[in-house]
Structures are given as C-alpha cells and as structure tokens.
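Trainee: Dumping the structure here so I can ask a few things about it.
Residue numbers (full-length UniProt numbering): 1 to 112.
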C-alpha cells in the first residue's frame with residue numbers, strides 16, 4: 001500500500017490527532033509514530049504539519065500539555081481534554097457522513 005498524500009489529510013488532521021490521543025497522553029514524536037502504526041504505515045505526517053496542529057488544538061481547548069521526562073528526555077506531552085473528547089465525537093460523526101456520501105457516489109451503479 002502506498003503512502004497517503006499529506007494534501008489528502010487536509011481537513012482531517014484534527015480528527016486524527018484527537019483520536020490518537022484518546023487513550024493516552026503522548027509526546028509529539030510518539031503521536032507521529034502512532035499515526036503511522038494505526039494506519040498500517042500509510043500515513044507519513046511531517047513534524048511541520050503535526051506540531052502546529054497540536055498547538056492549534058491546545059489553543060482551542062481540545063488538548064492540554066505539560067512537560068514530562070520520557071526516555072530520559074524532556075518532552076511536551078499532550079492529552080485530550082473533555083472538550084477534546086466532545087470534538088472527537090463530532091469529528092467521528094462528520095467522518096461517517098462524509099464517507100457515506102462519497103461511498104454513495106463511488107459505488108458502481110447497476111446498468112439499466
């Protein structure tokens with residue numbers, strides 16, 4: 001399977017980041033690794049895309065961060081807030097509607 005183009009992720013990055021942080025707090029590089037792992041290696045997201053999105057989600061109140069020592073290094077760790085959980089639920093609902101609509105268009109129609 002080939003990598004997904006970063007442009008194709010535009011508009012979905014917030015949902016992906018919130019989802020990765022749903023189960024546990026992670027630092028930035030671990031978030032990138034989790035995206036790759038959960039996508040079977042098809043999502044290769046550059047740090048220049050992830051870190052600004054994390055800052056934006058934190059400013060929106062969806063994430064909280066704190067400095068922690070991970071593997072002997074000081075790293076900023078991000079966690080989902082209750083507002084972030086609500087936003088993630090909305091993102092998942094919107095994703096279901098979107099994929100359903102696109103699927104309806106892409107499915108082959110029976111020939112008459």
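Beta carbons: idealized from backbone N, C-alpha and C, even for Gly. Because the structure is a prediction, the values reported are computed rather than measured.
Hey, out of 102, 26, 82 and 94, whose CA is closest to residue 74's CA?
Mentor: If we check each option's Cα against that of residue 74, 26 comes out closest.
Trainee: Quick one: grab the DSSP three-state call for residue 23.
Mentor: Of the three classes helix, strand and coil, the one that applies to residue 23 here is coil, per DSSP.
Trainee: Based on the DSSP output, what are the partners of residue 78 in its beta bridges?
Mentor: Residue 78 is bridged to 26 and 65.
Trainee: Around the Cβ of residue 45, are there at least 16 other Cβ atoms within 10 angstroms (buried) or fewer (exposed)?
Mentor: So residue 45 ends up on the buried side.
Trainee: Indicate whether residue 54 and residue 16 have their beta-carbon atoms separated by less than 9 Å.
Mentor: Contact flag unset, no.
Trainee: For residue 81 versus residue 106, is the C-beta spacing smaller than 9 Å?
Mentor: Cβ atoms of residue 81 and residue 106: not closer than 9 Å.
Trainee: When we look at the beta-carbon of residue 84 and count the other beta-carbons within 10 Å, is it buried (16 or more) or exposed?
Mentor: Classification of residue 84: buried, given that the 10 Å Cβ count is 16 or more.
Trainee: Cutting at 7 Å between CB atoms, please list the residues of its own chain near residue 51, excluding the five before and the five after it.
Mentor: 28.
Trainee: Keeping to the same chain, check which residues put their C-beta closer than 8 Å to that of residue 21; ignore five residues upstream and five downstream.
Mentor: Closer than 8 Å at the Cβ level, and outside the excluded window around residue 21, lie 31, 63, 78, 79, 80 and 84.
Trainee: Would you list the one or two residues that DSSP bridges to residue 73?
Mentor: DSSP, once it has assigned bridges, lists 70 as partnering residue 73.
Trainee: Whose C-beta lies closer than 6 Å to the C-beta of residue 41 among residues of the same chain, with five residues either side of it excluded?
Mentor: If we look at residue 41 and ignore the five residues flanking it on each side, it has no Cβ neighbours.
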